[in-house]
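Worksheet: one structure, shown below.
Numbering (the working numbering), first residue to last: 3 to 397.
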């Protein structure tokens with residue numbers, strides 16, 4: 003490992019992460035692991051690129067020096083960003099899996115017990131089959147989760163970085179509030195949100211903001227499509243600020259006109275769910291119990307809404323196509339795992355189908371402490387109610 007002082011975190015943080023990974027490898031009787039998930043590569047080495055449609059992997063032996071297998075163009079990221087000293091890049095016209103196999107042979111791992119991330123989006127089955135065929139004397143084993151075990155609980159320096167991401171999140175939401183008014187388009191709002199997040203120090207998020215208005219709020223994961231905001235409608239905003247691939251996310255709702263009784267009830271129900279979650283989340287509470295707190299409160303409403311998803315998910319490092327770490331932990335029913343200090347969650351007790359045709363949301367991103375939990379945000383959770391004035395009248 004090449005010590006350097008210009009990475010996202012102090013070099014000692016990466017030494018700790020590799021050391022803990024190797025301990026988990028030893029526990030699983032693995033001689034090496036092949037890590038190909040972009041988030042895990044970033045966590046272990048600070049390596050990042052948007053070019054992960056090409057195969058890339060970090061091979062970590064139990065004792066010897068790790069090495070990277072990347073496309074030649076992306077090898078510049080190994081040099082510029084990471085502590086990795088050995089790489090075996092391949093040409094665009096070359097064979098990525100053959101380069102991986104050659105590297106395993108070169109470093110004496112071809113007949114060893116080698117773990118690989120069988121579920122990785124970017125190590126597809128046909129490539130895994132080729133690796134198995136090329137290494138008949140090896141023992142290739144699924145090691146899914148071996149890095150995620152370390153990622154689940156964030157260190158102090160990771161929490162500090164997520165506070166910086168929260169600054170970008172809040173800046174984007176404030177700009178969204180200002181931009182929402184009758185006569186402007188969802189695209190206009192998206193532009194202002196993005197500008198504010200980036201000017202506040204944010205980088206490109208794993209997902210651009212979700213911005214929908216009126217009836218379009220009922221469409222799952224829809225975002226801006228040029229629709230003009232109308233007086234009397236509501237606007238659903240969900241965005242994630244990002245700094246060095248670490249995210250914090252927030253849902254809020256804007257009312258363009260008067261706050262109806264049903265939307266007020268929805269607001270108060272979601273605020274209650276978040277208060278109860280923040281009051282109860284602490285080390286030792288089960289994932290299932292956390293989900294039940296939010297689900298029971300949202301279910302007991304008089305406005306026809308439902309919580310149709312999980313009630314929260316782990317959040318932190320992310321690349322497109324998603325900003326969440328829900329594959330590590332999602333707050334859902336029947337999960338007996340317990341919360342631990344350093345875990346970070348986007349809590350989403352949102353309400354789908356208010357009055358049958360409206361979706362609204364209020365959410366929070368929190369981290370578990372030694373005794374409870376804390377929010378990354380200091381930002382009003384009330385719906386933002388704006389007077390009914392068109393963009394032309396306002397100008």
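Using N, Cα and C, we set each Cβ at its ideal position, and we do this for glycine too.
Predicted model only: the values in this text are computed from it and were never measured.
For residue i, count the other beta carbons within 10 Å of its own beta carbon; 16 or more makes it buried, fewer makes it exposed. Which is it?
| i | result |
| --- | --- |
| residue 269 | buried |
| residue 254 | buried |
| residue 25 | exposed |
| residue 45 | buried |
| residue 312 | buried |
| residue 281 | exposed |
| residue 396 | Residue placement at residue 396 cannot be trusted, given a pLDDT of 48 that sits under 50; what the coordinates show is reported in the next sentence. With fewer than 16 Cβ atoms within 10 Å of its Cβ, residue 396 is classed as exposed. |
| residue 370 | buried |
| residue 167 | buried |
| residue 293 | buried |
Can you list, in chain order, the residues of its chain whose CB lies under 6 Å from that of residue i, leaving out five sequence neighbours each side?
| i | result |
| --- | --- |
| residue 271 | 303 |
| residue 330 | 150, 154, 316 |
| residue 91 | 72, 74, 77 |
| residue 4 | 85, 87 |
| residue 111 | 34 |
| residue 98 | 57, 92 |
| residue 32 | 115, 117 |
Could you round the C-beta distance between residue i and residue j to whole angstroms and report it? I think they count as a contact, below 8 Å.
| i | j | result |
| --- | --- | --- |
| residue 184 | residue 231 | 6 Å |
| residue 67 | residue 87 | 6 Å |
| residue 11 | residue 164 | Not quite, the Cβ-Cβ distance comes to about 12 Å (not below 8 Å), so this is no contact. |
| residue 355 | residue 306 | 6 Å |
| residue 343 | residue 299 | Wrong, their Cβ atoms sit about 25 Å apart, outside the cutoff. |
| residue 209 | residue 243 | The Cβ separation is near 11 Å, so there is no contact. |
| residue 9 | residue 39 | Going by Cβ atoms, the distance from residue 9 to residue 39 rounds to 19 Å, so no, they are not a contact pair. |
Which class does residue i belong to by DSSP, given the choice of helix, strand or coil?
| i | result |
| --- | --- |
| residue 134 | helix |
| residue 28 | helix |
| residue 393 | Reliability fails at residue 393, whose pLDDT of 45 lies under 50, so the model's placement of it is uncertain and the value that follows must be treated cautiously. In this structure, residue 393 counts as helix in the three-state DSSP scheme. |
| residue 324 | coil |
| residue 105 | helix |
| residue 185 | coil |
| residue 128 | helix |
| residue 308 | strand |
| residue 290 | helix |
| residue 368 | strand |
Which residues in the same chain have their Cβ closer than 7 Å to the Cβ of residue i, if we skip the five residues on either side of it in sequence?
| i | result |
| --- | --- |
| residue 394 | Model confidence at residue 394 stands at a pLDDT of 48, short of 50, so the residue's coordinates are unreliable; what they give is reported in the following sentence. Excluding residues within five positions, the ones whose Cβ falls inside 7 Å are 185. |
| residue 348 | 251, 314, 315, 317, 326, 365, 367 |
| residue 202 | 169, 170, 173 |
| residue 218 | 224, 229 |
| residue 276 | 349, 351, 364, 366, 383 |
| residue 89 | 69, 70, 72, 77, 80 |
Looking only at its own chain, which residues have a Cβ that is under 8 Å from the Cβ of residue i, when we skip the five neighbours before and after it?
| i | result |
| --- | --- |
| residue 288 | 337, 338, 339, 340, 341 |
| residue 328 | 312, 315, 316 |
| residue 195 | 174, 175, 177, 178, 181, 211, 213, 239, 241 |
Using a beta-carbon distance below 8 Å, is residue i in contact with chain C?
| i | result |
| --- | --- |
| residue 101 | Annotation note: the requested chain C is absent from the structure, which comprises a single protein chain. |
Exercise. Which whole runs of the beta strand (DSSP E) in the stretch 197-238 are 3 residues long or more, in chain order?
Worked result: 212-215
Problem set entry | Those runs of the alpha helix (DSSP H) which lie wholly inside the stretch 43-85 and span at least 4 residues | 74-83
For this session: Please specify which runs of the alpha helix (DSSP H), each continuous and at least 4 residues long, are wholly inside the stretch 243-287, giving them in chain order.
Result: 263-282
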